[in-house]
Amino acid sequence: MDAVLSPLIWRDAVTAVFWLAVAALAIGTARRAVLWRTGLAAPVAWSGLLAIPKRYFVDLHHVVAHEPAVARAHVAVAGGALACLALVAINDGLRLRIAALDIALVAFALVMLAGALMMALRRRQPAVAARVSRGPWQRLPWTLGAGALGLAALSAGALWHESLAPWWAALCVLALGAGAAELALGVGLAGPMKHAVAGLLHLGLHPRPERFGPQPVGPAAQRQASALKPVNLVRDLPGAARPADLPWNRLLSFDACVQCGKCEAACPAFAAGQPLNPKKLVQDLVSGMSGTGDAHYAGNPYPGKEIGRHAGAPDQAVVPGLIDAETLWSCTTCRACVQACPMLIEHVDLVVDLRRSLTLVGGTVPNKGDEVLAALRETDTQGRHPLAARHHWASDLGLPVLADAPATQRTEWLLLAGEAGFDLRGQKTLRALVTTLRSAGVVPALLGALETDCGDVARRLGDEAGYQRLARQLIDTLQAHPAANLVTADPHLLHALRNEYPVLDAAWAERLAQGRTRVWHHTELLADLLERGQLRPKANAAARAPSVTLHDPCYLGRYNGQIEAPRRALKAIGIQVVEMERCGLNARCCGGGGGAPTTDIPGQRRIPDMRMDDARATGAEIVAVACPQCTAMLEGVTGKRPEVLDVAELVARAVETRPAQETRA
1 MDAVLSPLIW RDAVTAVFWL AVAALAIGTA RRAVLWRTGL AAPVAWSGLL
51 AIPKRYFVDL HHVVAHEPAV ARAHVAVAGG ALACLALVAI NDGLRLRIAA
101 LDIALVAFAL VMLAGALMMA LRRRQPAVAA RVSRGPWQRL PWTLGAGALG
151 LAALSAGALW HESLAPWWAA LCVLALGAGA AELALGVGLA GPMKHAVAGL
201 LHLGLHPRPE RFGPQPVGPA AQRQASALKP VNLVRDLPGA ARPADLPWNR
251 LLSFDACVQC GKCEAACPAF AAGQPLNPKK LVQDLVSGMS GTGDAHYAGN
301 PYPGKEIGRH AGAPDQAVVP GLIDAETLWS CTTCRACVQA CPMLIEHVDL
351 VVDLRRSLTL VGGTVPNKGD EVLAALRETD TQGRHPLAAR HHWASDLGLP
401 VLADAPATQR TEWLLLAGEA GFDLRGQKTL RALVTTLRSA GVVPALLGAL
451 ETDCGDVARR LGDEAGYQRL ARQLIDTLQA HPAANLVTAD PHLLHALRNE
501 YPVLDAAWAE RLAQGRTRVW HHTELLADLL ERGQLRPKAN AAARAPSVTL
551 HDPCYLGRYN GQIEAPRRAL KAIGIQVVEM ERCGLNARCC GGGGGAPTTD
601 IPGQRRIPDM RMDDARATGA EIVAVACPQC TAMLEGVTGK RPEVLDVAEL
651 VARAVETRPA QETRA
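Okay, here's the thing in structure tokens:
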């Protein structure tokens, strides 16, 4: 046997590896697609496949870039791999063997190798190692790196027309084969690299394609902040009970998960020791889709839950076979997991869809959740309050009440109190807001006994029927008493008005789209009035400004994209915010969303206690808030802590007041 192999022989081996990999990839993708198609039919824009390059290189990378080291490694390994695949397809797949392409192959293979080494080293960092999945994911950087090294060596040998020793050529081809097998067999055998194919298809056929379009912010904005669609209570399934009850492109999206653990690191329930881990939730649905269990799951479990005790199938109930009910009820719907996910997976929509089945079919809402839903059905309030009592806090303020006015009379400003109108602490915020608005010459009207609950809590707890009834009822009231501007201090009510009601009611969507009604969060309105000079800070306001840190409400920030308005309002009265480590779109939840305070799933710590620790770490005297639910949760923290004040209360302290006769409606 010759001591060397000619370049032609081992280059033919590269060609064979390439076409074998292509065949394996096609077969594996088709095999996986059979599992995706067990889901329900879903309307998708197939043109989204043409948008994959933009969504991959721009939208996805924008999330990855939150960690610069990861972004650099991702660009190197993923960009290098894509370039190598394209060059191998041309140069070896078509047997062109062009020297310039060999040079490019060596360069990009080395870039890919560098990225793989960066990923391998990063997985050894304690903070990263604590959240990433292990098992086959541990080998991934090394197999990809081996493939890149083998390709670089073979391409370099071809470049200089060298004959290779058989052992060296075989070693290079084997290294290349290891990397090719990881990619080509990954999707068919459910290996780590299935995310490469599923991820690209997921980006093109995303359950919420609106995510990739313009995301407006402000009173005239409408954002498709979730893929939740109203359930047709006559025709549609009442939520998802089985994996097969989910839309097929959502099943596809679960296969896009890279098990990086960024979602679990962001999840307040996981940090609090409640039995929820968004990463495992997604992986459990992958197991259910493929008819397996969680015995081979290599990541962190749900706190307090053992791995290996759950299994399922596409046509079997998710609860309790795959997932325990208390896992779903632990979610605060804060969307921190969605914000952190580099693959743009929508975890929260999955939770709410599964809750719908538990509530509408099983009627199994735990603790006080069922009481709240019953109260909403019977009284249109969460606490069985008389509707007229919602505005007792304003009885001495002389505000117009539309319940006493002729229907269809147009109002310039209408204040919706929400559930805060029944709460003594929330009433303090509302009174401060009204006092401040009067100082700007704005006197809002109230609905009086006509204001009913918006339905947010009912929807988050899975009672879609209750939500739709409450939503249509409030929409009808607002249509009968039209207002040019709606203002609320409750981000949950804001989100319903701006983003969820337009999906439910075409007439309401048209009203907002045409600008006949604008919906304001109170911090947006206060910031606008201060910046236009309608509100004037006192002369010594800046000098007397306390040290303030700001807690961003989830439904204002992540759901509505509004993180600047509270800061603008505070800056206008001379307050420089001392930011917490987790702030803005990455803020930690207070624990008050999604009906979590009513379901009250126990953990090792309380979420508001952790958030107050974040505030204490800044050394600030005051925690500024912009949501009555956040106020209630943070004020419930015991021990020495900063004072909790709404932005409206801080503005009311700092601005000049006007005599009542100078105000106008």
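Each residue of the sequence shown is one higher than the one before, starting from 1 at the first, in UniProt numbering. Yeah, the Cβ is synthetic: ideal placement off N, Cα and C, and Gly gets one too.
Margin query: Quick check: the Cα distance between ARG377 and GLY466, rounded to an integer number of angstroms?
Written below: 7 Å
Notebook entry, point to check: Which ranges does the alpha helix (DSSP H) cover as unbroken runs of at least 4 residues, wholly within the region 117 to 162, from first to last along the chain?
Noted result: 126 to 129, 136 to 159
Next item on the list: Could you tell me which uninterrupted beta strand (DSSP E) segments, each at least 3 residues in length, are contained entirely in the region 585 to 663, listed from first to last along the chain?
Entry: 622 to 625, 643 to 646
Checklist line | Selection from GLN514, PRO537, GLY363 that minimises the alpha carbon distance to ALA545 | finding: PRO537
Checklist line | Cβ separation of GLY591 and ILE607, assumed to be a contact under 8 Å, to the nearest whole Å | finding: 3 Å
Next item on the list: Would you mind giving the Cβ-Cβ distance between ALA572 and THR435, rounded to the nearest angstrom? I have them listed as a contact below 8 Å.
Entry: About 17 Å; that fails the 8 Å criterion.
Next item on the list: Just grab the DSSP bridge partners of PRO247 for me.
Entry: LEU40
Checklist line | CA-to-CA distance, ALA388 to PRO400, given in whole angstroms | finding: 14 Å
Next item on the list: With distances taken Cα to Cα, identify the nearest neighbour of GLU419 among CYS630, PRO238, TRP168.
Entry: CYS630
Check: How about TRP167 and ALA41: are their beta carbons less than 9 Å apart?
Finding: no
Notebook entry, point to check: Where does ASN232 land, buried or exposed, given buried means 16+ other C-beta within 10 angstroms?
Noted result: exposed
Note to self: Tell me the DSSP secondary structure of ASN540 in three-state form.
What the structure shows: coil
Checklist line | Selection from LEU171, ALA596, VAL173, GLU182 that minimises the alpha carbon distance to ARG139 | finding: GLU182
Margin query: So GLY312 and LEU328 are supposed to be a Cβ contact under 8 Å. How far apart are they, rounded?
Written below: Contact doesn't hold; Cβ gap of about 14 Å is too wide.
Next item on the list: Return the CA-CA distance between GLY48 and PRO303, expressed in angstroms with no decimal places.
Entry: 38 Å
Item checked: Stretch-stretch touch, CB-based, cutoff 8 Å, three pairs: the region 179 to 196 with the region 123 to 143 -> yes
Check: From GLN661 to SER439, what distance separates their C-alpha atoms?
Finding: Note on GLN661: pLDDT 43, under 50, position unreliable in the model; no value is reported.
Margin query: My assumption, with CB atoms under 8 Å, is that ARG605 sits in contact with ALA272. Please give the rounded CB distance.
Written below: 5 Å
Notebook entry, point to check: Secondary structure at ARG223, three-state DSSP: helix, strand or coil?
Noted result: coil
Check: Would you call LEU50 buried or exposed, if buried means 16 or more other Cβ atoms sit within 10 Å of its Cβ?
Finding: exposed
Next item on the list: Please state whether DSSP places THR364 in a helix, a strand or coil.
Entry: coil
Check: Rounded C-beta distance between ARG498 and ALA221? I'm assuming under 8 Å.
Finding: 6 Å
Margin query: What would DSSP say about THR379, mapped onto helix, strand or coil?
Written below: helix
Item checked: With 16 other Cβ atoms within 10 Å as the buried cut-off, status of ASP600 -> exposed
Checklist line | Expected contact under 8 Å - CB spacing of LEU251 and MET289 to nearest Å | finding: 5 Å
Check: So ARG95 is in the alpha helix (DSSP H); what residue range does that whole segment cover?
Finding: Per DSSP, ARG95 belongs to no alpha helix (DSSP H) and is neither H nor E.
Notebook entry, point to check: Just the Cα atoms here: how many angstroms apart are ALA266 and TRP393?
Noted result: 38 Å
Item checked: DSSP beta-bridge partners of ALA483 -> THR411
Check: Once you ignore the five residues that flank ASP12 on each side, which residues in its own chain have a CB closer than 6 Å to its CB?
Finding: none
Next item on the list: Leaving aside the five residues before and after ALA71 along the sequence, list all residues of the same chain whose C-beta is less than 8 Å from its C-beta, in chain order.
Entry: HIS61, VAL64, ALA65
Next item on the list: Assuming VAL14 contacts LEU154 (C-beta within less than 8 Å), just tell me the rounded distance between them.
Entry: 6 Å
Note to self: Let me check understanding here. Comparing Cα to Cα, which of ALA432, HIS391, THR429, PRO444 lies closest to THR411?
What the structure shows: PRO444
Note to self: Using C-beta distances below 7 Å, list every residue in its chain close to MET612, excluding the 5 sequence neighbours before and after it, in chain order.
What the structure shows: LEU634, VAL637, ARG641
Notebook entry, point to check: Does the distance from the CB of ALA489 to the CB of LEU433 come in under 9 Å?
Noted result: yes
Check: Mind checking GLY80: buried by the 16 CB within 10 Å criterion, or exposed?
Finding: buried
Next item on the list: Could you round the C-beta distance between LEU478 and HIS521 to whole angstroms and report it? I think they count as a contact, below 8 Å.
Entry: With 8 Å as the limit, LEU478 and HIS521 do not qualify as a contact, their Cβ atoms being about 17 Å apart.
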